[in-house]
Amino acid sequence: MTEQPASSIGPESLARERCVEVRPGTPALTEEEARSLAGGVAGEWQVHEGELRREFAFKSFNAAFGLATRIALLAEAQGHHPDLEIGWGRLGVRLSTHSVGGLSRNDFIMAARIDRLAGG
Numbered sequence: 001m002t003e004q005p006a007s008s009i010g011p012e013s014l015a016r017e018r019c020v021e022v023r024p025g026t027p028a029l030t031e032e033e034a035r036s037l038a039g040g041v042a043g044e045w046q047v048h049e050g051e052l053r054r055e056f057a058f059k060s061f062n063a064a065f066g067l068a069t070r071i072a073l074l075a076e077a078q079g080h081h082p083d084l085e086i087g088w089g090r091l092g093v094r095l096s097t098h099s100v101g102g103l104s105r106n107d108f109i110m111a112a113r114i115d116r117l118a119g120g
């Protein structure tokens, strides 16, 4: 898939993309590249220490578990798996690409798709 210029990256365009295999040795995104792609996901996502993180709040454990389940199914379909932490009324999501030791475009694609699953 051809990457879009930074000016045209938005939540819907990232959410339409599919994760692709990222081979070991591929460099992680630079800070500038990550900032550019961050414009394509909800503002609640934070880039921190080579990860993309977001915390979702819910009124029950079941609601948090429901989103975690939908994310798990998406992750299997995309071949890109986040770290999930479920607690009462909350779900923490951390994305990174282990093969590059940091962030790749796949992390932002997954974040945009997770936003869509969460209704955002």
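According to this note's numbering, the residues represented by the sequence shown are 1 to 120, in order. Cβ coordinates follow ideal geometry from the N, Cα and C atoms, glycine included. Since we're looking at a predicted model, the values are computed, not measured.
Taking the continuous alpha helix (DSSP H) assigned at Ile71, which residues delimit it? For the purposes of this step, residue 71 is taken as the residue at position 71 of the sequence shown. First-last of the alpha helix (DSSP H) with Ile71: 61-78.
Using only alpha-carbon positions, find the residue among Val93, Gly101, Gly102, His98 that is nearest to Arg113. Position 113 of the sequence shown, counted from the first residue, corresponds to residue 113. Considering only alpha carbons, the answer is Val93.
Which first and last residues belong to the alpha helix (DSSP H) in which Ile109 is found? Mapped onto the sequence shown, residue 109 falls at position 109. Its alpha helix (DSSP H) spans residues 105-117.
Assuming Glu85 is part of the beta strand (DSSP E), what are its boundary residues? Residue 85 sits at position 85 when you count from the first residue of the sequence shown. Segment 83-87, the beta strand (DSSP E) holding Glu85.
Within the same chain, show all residues whose beta-carbon is closer than 6 Å to that of Glu44, passing over the 5 residues directly before and after it, in chain order. If you number the sequence shown from 1, residue 44 lands on position 44. The answer, listed in chain order, is Arg54.
Member of His98, Leu84, Ser104 whose CA lies at the smallest distance from the CA of Leu37: Walking along the sequence shown from the start, residue 37 turns up at place 37. If we check each option's Cα against that of Leu37, Ser104 comes out closest.
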